[in-house]
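Going line by line, the protein sequences match chains A and B. Residue numbering for the first sequence is 1 to 220, as defined by this note's numbering. Residue numbering for the second sequence is 1 to 474, as defined by this note's numbering. These notes concern the structure reproduced below.
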Amino acid sequence: MIELKQVTKTYKMGEEIVYALNNVTLQIKEGEFVAVMGPSGSGKSTLANIVGGLDKPDAGQIIVSGQDLSKTNDNFLSDYRNKTIGFVFQTFNLQPGFTALENVMLPLIFSKKAAGERKQKAIECLEAVGLGDRMRHKPNQLSGGQRQRVSVARALSNDPQIIIADEPTGNLDTQKGQEIIALLKKLNKERGITLIVITHDSNVAKQADRVVLIQDGRIK
Amino acid sequence: MKFLDYIKIAYKNLTRQKARTILTIIAIVIGSMSVIIMLSLVISAKRVLVAQLESIGAFTLVTVTGSSDMQGGGGLITAGNGDPSEGKKLDDAILDEFKSKDHVVAATPVVSVWAKSMKLEGQDKKTWANVMGYEVDAGVFDIPILAGQGLKKGNMDKIVVGTDTLRTFGYADKPNDVIGKNMILLLDGGSSPDWGPLPQKPPQNADKDWWDTQSKNPKEIKAEIVGVSGGMEASQNYISMDWARKLQTQVRWEYDNEAQKKAQEENKGKDQKFNNMSFQVLVKEDMIKEKGYGSIILKIDNTKNVVAVGEEIKKQGYGVSTAEDMLEEVSKIFTVLGLLAGVIGGISLFVAAIGIINTMIMATYERTREIGVMRACGARRKTVRRLFTFEAALLGFMGGCVGLLVSYGLAKIGNVIAGKIAVAQSLPVSGFIIFPIWLILGVVAFTTLIGLLAGLYPAHRAARLDPVEALRYE
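Pasting the structure below:
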């Protein structure tokens, strides 16, 4: 269960204070697939960052599995991101020098898993996203769709409770984008992973259990 | 994150920008090489010196001179570099006294022969004559012999020459060829040793001109070269004490005042043509007996007793020098050289450190997004900081290792060259440049530490990046 209680987050843009999130209250149930939509600069990404433990609210509470993240420190949030969250980014954000396998192993390295266990887990994840035959390839040897699959596998590697995908189809054509959404949805259904997808694409949003619309930092 | 993972990832990151990594490493290589080569040269030079001193058993020797203000200066095996008449007289009684001291196993007196110059028979070239007489069978030290043979007790007109002498006369490369040739010692005309023809008896009418001619004709004394010494006192030539004593004994005609008086009384009023000169007699004067030895060299039973014996003799008012003293003197020079080497090496390593900082700061910019991704994947600030620090330390480590390898190669070449020089200069040394294990470990540890320190600031920058900002960074 993810609970945002009156979360406010502001940024300074020059002299002006911009409300990225303005008194947002929201609940996302465990295993739910939520699409977050809204125009650019509406605060979608800030919402994702706060839920993902990358950012902290200026005011309000963000409670995940009973823990108020707004009251924790950087090390706690790092471990939270490592164990509870899987991120999928629009631009894939794979480490260029690493193979697909090594990219997937990265979160496992941070969680100090033994080398053998790490590799086994990473292979499982790559197989789950259909890239069992591309493990030794580096990102520049993979297509956009394949890269995004690698980043989904990376997000999966630590068995997260929540996957946060920020515009996961933004850099893919419609067909590849649909494949990724289908993959995420499958993981959501089969593994019960809570899925939060931030998107512009109404076709993507359509497939979610619920759509949250955000505008000027407020939920509509 | 585990230690090995840090190394693996750091290595992987470094190999991504090969050119930049190599250039950064080159700077460290140069820095570490200058440290290694200079320090190893200093260490090696010292080692060679110690080895030479050891080869003649110098660490068990104590050199005693008459005056206490004459220590340390003139090398260990020396006849003293001052007038033996200064300070206390070193005579046979003293020699016996020293010999009877505890821990003293042997002693030899040493004198230097008052020859002005010397030349090789058949050559016109003259060189400064540094000829030293010592008791050959005293068992105090053995002159290392490069060619021919050593001196024997009682050897007269035999000389063992040093390598400087060889060089002067063009025999540097062929020491064996000089054996059997004659060295001619040129003595001041005024002095006439108890060797060779007796001085001419002054004629009845001897005047100033006659004396002048006498002193203008230098005395020539022949010495057969029986051996060439390979020791470090390359300018020193050696003869036996027996012969040295002869050469140091002056023979001259003197008025016999007693006889003259007597004759004058007896012949009073008879023979007015009576001349003083008729009453001259030949007088021998043993200068060693008069003035004492130049120095006395003692052999001590054990190196650890050397200082004690030295101190004891020093208290008696003599000048004492030991190999330790000499080494201390030389150590001071080497310490200064070592410091200088360290400073030069240090400067180049400092420059290399700036290179590392530069490289790593650039890396933080380039990899800002990657840092963001790592943070999103659960890396703590500490993890990021360590990762960059390790990367910088790895640069230092690799630079140190490569520097060591290159220096090792250079030393190998240097040793071949030094070996040739050593043979030419007849130094009993091989493997001139050495790398003691502490130097190897020390340098690699040092460059690694420098890398690590240089990495601290870039790593701090990387670690404090806001993950949200970092992920958004283009």
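From the three backbone atoms N, C-alpha and C, an ideal C-beta is built for every residue, glycine too. Being a predicted model, the structure only gives us computed values, none of them experimental.
Looking at the unbroken beta strand (DSSP E) that takes in residue i, where does it start and where does it end?
i	result
residue 13 of chain B	Taken as a continuous stretch (DSSP letters only), residue 13 of chain B belongs to no beta strand (DSSP E), being part of the alpha helix (DSSP H) at 3-16.
residue 164 of chain B	No beta strand (DSSP E) holds residue 164 of chain B; the alpha helix (DSSP H) holding it covers 163-168.
residue 25 of chain A	16-28
residue 11 of chain A	2-13
residue 215 of chain A	210-215
residue 63 of chain B	61-65
residue 219 of chain B	219-229
residue 80 of chain A	Residue 80 of chain A -> not in any beta strand (DSSP E); alpha helix (DSSP H) instead, spanning 74-83.
residue 35 of chain A	33-37
residue 195 of chain A	194-199
Is the Cβ of residue i closer than 8 Å to any Cβ of chain B?
i	result
residue 43 of chain A	no
residue 17 of chain A	no
residue 203 of chain A	no
residue 81 of chain A	yes
residue 57 of chain A	no
residue 214 of chain A	no
residue 97 of chain A	yes
residue 10 of chain A	no
residue 40 of chain A	no
residue 54 of chain A	yes
residue 93 of chain A	yes
residue 36 of chain A	no
residue 49 of chain A	yes
residue 87 of chain A	yes
Helix, strand or coil for residue i? Go by DSSP, reduced to three states.
i	result
residue 72 of chain B	Per-residue confidence for residue 72 of chain B stands at a pLDDT of 41, beneath the threshold of 50, marking its modelled position as unreliable; no derived number is given.
residue 142 of chain B	coil
residue 101 of chain A	helix
residue 165 of chain A	strand
residue 57 of chain A	coil
residue 435 of chain B	coil
residue 129 of chain B	coil
residue 52 of chain B	helix
residue 331 of chain B	helix
residue 458 of chain B	helix
residue 134 of chain A	coil
residue 239 of chain B	strand
residue 182 of chain B	strand
residue 148 of chain B	strand
residue 295 of chain B	strand
residue 420 of chain B	helix
residue 86 of chain A	strand
residue 160 of chain A	coil
residue 286 of chain B	strand
residue 473 of chain B	coil
Can you find a CB in chain A that lies within less than 8 Å of the CB of residue i?
i	result
residue 380 of chain B	yes
residue 5 of chain B	yes
residue 391 of chain B	no
residue 1 of chain B	yes
residue 383 of chain B	yes
residue 468 of chain B	yes
Would you grab the beta carbon distance between residue i and residue j for me? Rounded to a whole angstrom, and I think it's under 8 Å.
i	j	result
residue 465 of chain B	residue 335 of chain B	At roughly 47 Å, the Cβ-Cβ gap does not stay under 8 Å, so residue 465 of chain B and residue 335 of chain B are not in contact.
residue 131 of chain A	residue 150 of chain A	6 Å
residue 121 of chain A	residue 108 of chain A	6 Å
residue 196 of chain B	residue 225 of chain B	So it is not a contact: roughly 18 Å between Cβ atoms.
residue 26 of chain A	residue 204 of chain A	In fact, because the Cβ distance is near 19 Å, the residues do not count as touching under 8 Å.
residue 43 of chain A	residue 21 of chain A	5 Å
residue 392 of chain B	residue 360 of chain B	5 Å
residue 142 of chain B	residue 56 of chain B	7 Å
Measuring only from the beta carbon, is residue i closer than 7 Å to any heavy atom that is part of the ligand NAP?
i	result
residue 212 of chain A	For the ligand NAP, the structure offers nothing, since it holds no ligand at all.
Along the chain, where does the alpha helix (DSSP H) containing residue i start, and where does it finish?
i	result
residue 263 of chain B	257-266
- the region 354-378 of chain B: positions lying closer than 8 Å to chain A by Cβ: 369, 370, 372, 373, 374, 375, 376, 377, 378
- Output, in sequence order along the chain, the residues in the region 12-23 of chain B whose CB is closer than 7 Å to any CB in chain A. 12, 13, 16
- Query: Residues in the region 318-336 of chain B with C-beta within 8 Å of chain A's C-beta atoms, listed in sequence order?
  - Reply: none
- Item | Under 7 Å (Cβ pairs) to chain B, residues found in the region 100-125 of chain A | 106, 107, 109, 110, 111, 112
- Give the residues from the region 60-79 of chain A that approach chain B closer than 7 Å (Cβ to any Cβ), ordered along the chain. 74, 75, 78, 79
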